[in-house]
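Below is one structure, written out as structure tokens; comments come after it.
Residue numbers (my numbering), protein chains in the order written: chain A, 4 to 451; chain B, 4 to 451.
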């Protein structure tokens, strides 16, 4: 272990008597000029002028400006390339020209690690000019760019809003297994795992588990990874993504599900607004207004609006765009729900409309012209499942463990799933979902 | 679709004018006798007396007693076996002898699905007498037993406390990929996935990602599945479990990590107390008091206390039990931290103690005699990683993408992971972790 270069005494420890000040709190020292403060963070940028070096230090809350005039400290800064971690102890000094109105002067700098190598992109530039492959190949560091950080801050704030609303409405958070015995949704697009010498599969969704758990907790939600072996490269699919799943029992029909969806989406948008305000500002996010009720169209009417033939089985991306435009124009809404998709073209567990079983009690939520959410009332009777599988020519056996639960009283229920990355992608109008995923996975990409 | 037996009109819909009353709110009708209320839930139990049938209805909040005197309704109840879903519209009637002081009389009953078949265990019995294999084989319905529901309610409340505290302390929730290019912790115990024709692995922990993300957000947490191909059947390991991962940067040493851990555990215990009070009552959970600071022992002293030889490389389960007893006796504490495990026997990313690199800045938290948490300050310098891997005879190549991040300024940092099921298991003093997992996965079990 002798080859490890370890400091005899931690520099962070040495200065720990002085509590750390976060970058966002530096402006508050306008009232307390002359106070000694301690910053910790990354060298975000250095600018050498004659007889003066500006050092911008970045931490999780933003950046602070440090002014270096002392000759030997200026020299020290030369050896602190961008992204090196440092501790700065200096004097808070109001200056109308400094960002935030306060800068740090007369600093003592301590390097907290080795000098950083040069990252793949210049993280201090306000705009990112590098292409997507560069950003993704070097995600470990490119995610530090404030704009890329901000994407995920929208995601994290959204998760908080999602859970808070559901907790208030009596839902129980669950975590269902990702290693499963048979494919959940269909045999296609499923990843196979070597499970102690026999095949297992990665869950394509928590669909069956959340339905079964309605039988236990009535109302459940799960935030977790789902896996789709998508054989195509598209700008809106990933092989692994974060799914926000909701399921609730004792509903009258899918409209009860849509009501919860509306509350969830409103809470996510609100949480982003209040908890990720700086990310919203930086990215100039146009936050959606979420109406008290989503405008809702039947599938037949949706087809008619788009001018599609009446026998189309599903909505294409072009149809979704047209419906997004229609909702904006007719209802000044970023959202539109399409309900009543053809039963034969939805998942076998979708509940048909009792009045006309050709149509189902399923729905999609289209957000700014892209499908964000799929949901439905589900079948809840064992015999209906058997009939639905038979009608589709699907074998009962792979679903036996799942179906068994429906022999023991599962109430009328339904639910939906929101793709987290897709939600953020639409918020920032990303052209490719990979722009807003932390470490995307697809046909070609398994690292970093 | 003609073979589907669908009601022409949803019974839930028909009665939807009357809002639903939850079982826990029935006692409040003591002040409003004679009011018509609507319950929805499962037939929990029926008791036929002469000229009278008691029907206990269970919903997500508990049970309510319905008294049936009408002859034809008594007959109807005969056709509603336990676990059938029903809607009850009746009159709230105070009765000192009824549980909660209010029962529902003169009911109209509507069946919401088919009559339920007989579950594997009698869910209405207060105690569970069935063995673990029966409970797990039929988890879809046995989880409905109030005691099994309660286990998970402790888990869900714990998750809420975990996140709330970390959100308050400036942490960012992240979700890292579960499909990875190389094994995270070691080549052993890793599941292999067929990833579009090439091998991928299931992440054994989010370790590398959370460290890299400290470089982005400074403080991160993740709640998600982790996968361990444990080749042995033990009472405290699962092949898939929910890991609560935390990592924070700009620390002085691992004591800063232990401080956050203490706050997290205190918040989890507090959240269980206030958000899962009925589960705590039902299971008679002895909630731990979490001290302001955990009693802490160095590994050497811990070995001495247990009477183990000074050259033991790790703590055995028996040592952990002895230390748990010691903490209880000496400090009246359910918790004890052991720090300074031998560097050579901890993960390669553990930070050695600069004063004596044979010992590491790692720690375990022992809760009631069982290791609940492992944590450490980690290495943060690229060269130290290279040296640590070489010293252990490990190849650099599989870790290349991971290590690369450390070239670009990762601050001094550390973190820990809590196994959710293990935490709940200790809370309820389960003898087997499978008792408290929703759908456990192990060497032999991949369903339900």
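Ideal Cβ placement from N, Cα and C applies to all residues, glycine included.
Predicted, not measured: the structure shown is a model, and the values here were computed from it.
query                                                                                                                   : result
Test item: CB-CB of residue 265 of chain A and residue 296 of chain A under 8 Å                                         : yes
Contact between the segment 182–201 of chain A and the segment 290–309 of chain A (3+ Cβ pairs under 8 Å)               : no
Reference residue 151 of chain B, options B/446, B/441 and B/445, closest by Cα                                         : B/441
Host alpha helix (DSSP H) of residue 332 of chain B (start-end)                                                         : 320–334
Residue 296 of chain B in three-state terms, based on DSSP                                                              : coil
Within chain B, the residues that residue 43 of chain A reaches when beta carbons sit closer than 8 Å                   : 253 and 414
Three-state secondary structure (DSSP) of residue 125 of chain B                                                        : coil
3-residue-minimum beta strand (DSSP E) runs that sit fully inside the segment 55–88 of chain B, ordered along the chain : 55–62 and 65–71
Same chain only: Cβ atoms within 6 Å of residue 239 of chain A, ignoring 5 sequence neighbours per side                 : 436
Cβ-based burial, residue 129 of chain B [other Cβ within 10 Å; buried from 16]                                          : exposed
3 or more residues per run - each beta strand (DSSP E) lying fully within the segment 360–405 of chain B                : 365–370 and 373–381
Top-ranked residue by Cα proximity to residue 226 of chain B, from A/245, A/221 and A/195                               : A/245
Segments of 4+ residues assigned as alpha helix (DSSP H) that fall wholly inside the segment 124–202 of chain A         : 135–140, 142–145 and 149–171
C-beta neighbour in chain A for residue 149 of chain B, strict 8 Å                                                      : no
Residues that DSSP places opposite residue 3 of chain B in a beta bridge                                                : Here chain B comprises residues numbered 4 to 451, so residue 3 of chain B is not present and cannot be evaluated.
Within-8 Å CB hit, residue 239 of chain B to chain A                                                                    : no
Interface positions of the segment 216–238 of chain B facing chain A (Cβ-Cβ less than 9 Å), listed along the chain      : 216, 218, 219, 220, 221, 222, 226, 227, 228, 230, 232 and 234
Three CB pairs or more closer than 8 Å across the segment 135–154 of chain A and the segment 189–202 of chain A         : no
Between the CA atoms of residue 439 of chain A and residue 431 of chain A - distance to the nearest angstrom            : 9 Å
Straight-line gap, residue 335 of chain B to residue 424 of chain B (C-alpha atoms, nearest Å)                          : 25 Å
Same chain, Cβ closer than 8 Å to residue 228 of chain B, five either side skipped, listed in chain order               : 181, 243, 244, 245 and 246
Partners in chain B for residue 203 of chain A, counting only beta-carbon separations shorter than 7 Å                  : 449
Exposure label - residue 21 of chain A; buried when at least 16 CB within 10 Å                                          : exposed
Interface residues of the segment 413–435 of chain B facing chain A [CB-CB below 9 Å]                                   : 413, 414, 415 and 423
C-beta neighbour in chain B for residue 180 of chain A, strict 8 Å                                                      : yes
Three or more C-beta pairs below 8 Å linking the segment 251–260 of chain B and the segment 374–388 of chain B          : yes
Neighbouring residues, chain B, relative to residue 383 of chain A (Cβ below 7 Å)                                       : 116
Neighbourhood of residue 156 of chain B by C-beta, 7 Å cutoff - its chain only, sequence neighbours within 5 removed    : 279 and 282
N-terminal and C-terminal residue of the alpha helix (DSSP H) that residue 425 of chain A is part of                    : 423–430
Local conformation of residue 237 of chain A per DSSP, three classes                                                    : coil
Beta-carbon separation (whole angstroms), residue 101 of chain B vs residue 40 of chain B, contact threshold 8 Å        : Contact flag wrong, Cβ pair sits at about 14 Å.
Counted within 10 angstroms of its Cβ, other Cβ atoms place residue 7 of chain A as buried (16 or more) or exposed      : For residue 7 of chain A, the predicted model reports a pLDDT of 37, less than 50, meaning its position is unreliable and no value from the coordinates is stated.
Member of A/362, A/401, A/144 and A/84 whose CA lies at the smallest distance from the CA of residue 313 of chain A     : A/362
Between the CA atoms of residue 414 of chain B and residue 13 of chain A - distance to the nearest angstrom             : For residue 13 of chain A, the predicted structure reports a pLDDT of 45, less than 50, and the residue's modelled location is therefore unreliable. A value from the coordinates is still provided. Taking the straight line joining both Cα atoms gives about 12 Å.
Exposure label - residue 412 of chain B; buried when at least 16 CB within 10 Å                                         : buried
Residue 346 of chain A - DSSP class collapsed to helix/strand/coil                                                      : helix
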